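In terms of numbering that gives the first Met the number 0, the numbers along the sequence shown are unbroken and rise by one, the last being 228.
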Amino acid sequence: MPVFRLPDDLLFPSPELAEPDGLLAIGGDLSPERIIMAYASGIFPWYSEGEPLLWWSPAPRLVLFPKDFHLPRRLKRTINQNKFRITADTAFEKVISACAQTATRKDKGTWITTEMQQAYIRLHYLGFAHSIECWYNDELAGGLYGICLDNVFFGESMFTKVTDGSKVALATLIKSAKDLGIKLIDCQMTTDHLLSFGAKEISRDLFLEKLDEYVTACAPQKKWRLLNR
């Protein structure tokens with residue numbers, strides 16, 4: 000099945016037409032409108048420096064329903080020690096920059112290119128992209144970022160500089176899901192790490208059904224001050 004080349008118009012082919020590895024389309028741009036449309040349709044951009052802009056919709060899809068969250072015992076002890084301070088949306092640019100320094104894809108270097116960073120920073124200021132920061136001794140020790148559309152958080156990347164920094168950030172996000180109105184966390188790709196938190200694989204059809212149910216208005220949100228407690 001051929002990979003689709005996107006026109007200048009804001010259009011995407013059906014995710015059901017993706018290649019077996021999830022590759023769906025090539026081209027387009029990283030405008031806020033196109034990125035938001037992509038996520039609402041179960042599609043996301045993912046490419047390395049020097050590659051054309053690629054759009055993906057993998058199947059199966061790894062997701063985490065907050066009600067299924069499992070907090071590992073050792074991580075619970077770490078959280079109870081209160082050695083980390085958790086904030087939200089206070090250092091988005093630092094978080095995405097740190098993720099870019101550690102994220103790699105098939106040994107080709109980071110997939111969080113400068114262009115991607117600029118696009119998501121723009122979405123952050125528009126109220127669509129959010130970050131969770133984990134601080135240790137007033138230094139950024141870990142964190143994560145992603146896109147939030149209505150009741151779905153689409154996780155993009157996380158990083159850690161201190162043991163458990165990213166895990167504490169993720170656990171805080173999941174535990175705060177109800178207050179944030181999040182009913183589903185899209186983890187995109189399957190990892191043992193995320194499975195240990197209660198994530199599970201679902202079919203593309205079911206994932207798209209959940210998007211239809213949970214993503215309705217695509218309205219920007221205020222900063223997640225709720226976590227700054």
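Beta carbons: idealized from backbone N, C-alpha and C, even for Gly. Since this is a predicted model, take the numbers as computed values, not measurements.
Starting from residue i, trace the alpha helix (DSSP H) both ways and give me its first and last residue.
i: S165; result: G164 to K174
i: E208; result: R203 to Y213
i: D191; result: D191 to L194
i: L74; result: R72 to N79
Do residue i and residue j have their C-beta atoms closer together than 7 angstroms?
i: L63; j: A170; result: no
i: W45; j: A24; result: no
i: F83; j: V167; result: yes
i: C186; j: A39; result: no
i: P6; j: G41; result: no
i: L52; j: G27; result: yes
i: H123; j: F158; result: no
i: D149; j: T101; result: no
i: G112; j: E48; result: A small fix is needed here, since residue 112 is Thr in this sequence, not Gly. Yes.
i: K118; j: L29; result: The sequence shown places Ala at residue 118, rather than the Lys named in the question. Their beta carbons are under 7 angstroms apart, which means A118 touches L29 by this criterion.
i: A176; j: P1; result: no
i: L139; j: K75; result: no
Using the DSSP secondary-structure output, state which residues sit across from residue i in a beta bridge.
i: M157; result: L143
i: W55; result: L22 and F43
i: K82; result: Bridge partners of K82: none, in fact.
i: L148; result: V151
i: K199; result: V62
i: F3; result: A24
Go to residue i, then tell me how far its beta strand (DSSP E) extends in each direction, as first and last residue.
i: I184; result: L183 to Q187
i: L29; result: Careful: L29 lies outside any beta strand (DSSP E) and carries neither H nor E.
Point to revise | the segment 189-199 / the segment 80-97 touching (three or more Cβ pairs under 8 angstroms) | key: no
Practice item. Identify every run of the alpha helix (DSSP H) within the segment 85-137, keeping only runs that are complete inside it and at least 4 residues long; order them along the chain. Key: 91-101 and 113-125
Point to revise | Meets three-Cβ-pair contact criterion under 8 angstroms: the segment 47-61 and the segment 143-153 | key: no
Check your understanding: Should the segment 129-138 be regarded as contacting the segment 159-168, the criterion being three or more beta carbon pairs within less than 8 angstroms?
Key -> yes
Practice item. Evaluate contact between the segment 168-186 and the segment 28-37, counting only Cβ atoms and requiring at least three cross-stretch pairs below 8 angstroms. Key: no
Review point. With a cut-off of 8 angstroms, do at least 3 Cβ pairs link the segment 117-129 to the segment 212-222?
Key: yes
Review point. So, do the segment 63-73 and the segment 197-217 have three or more beta carbon pairs nearer to each other than 8 angstroms?
Key: yes
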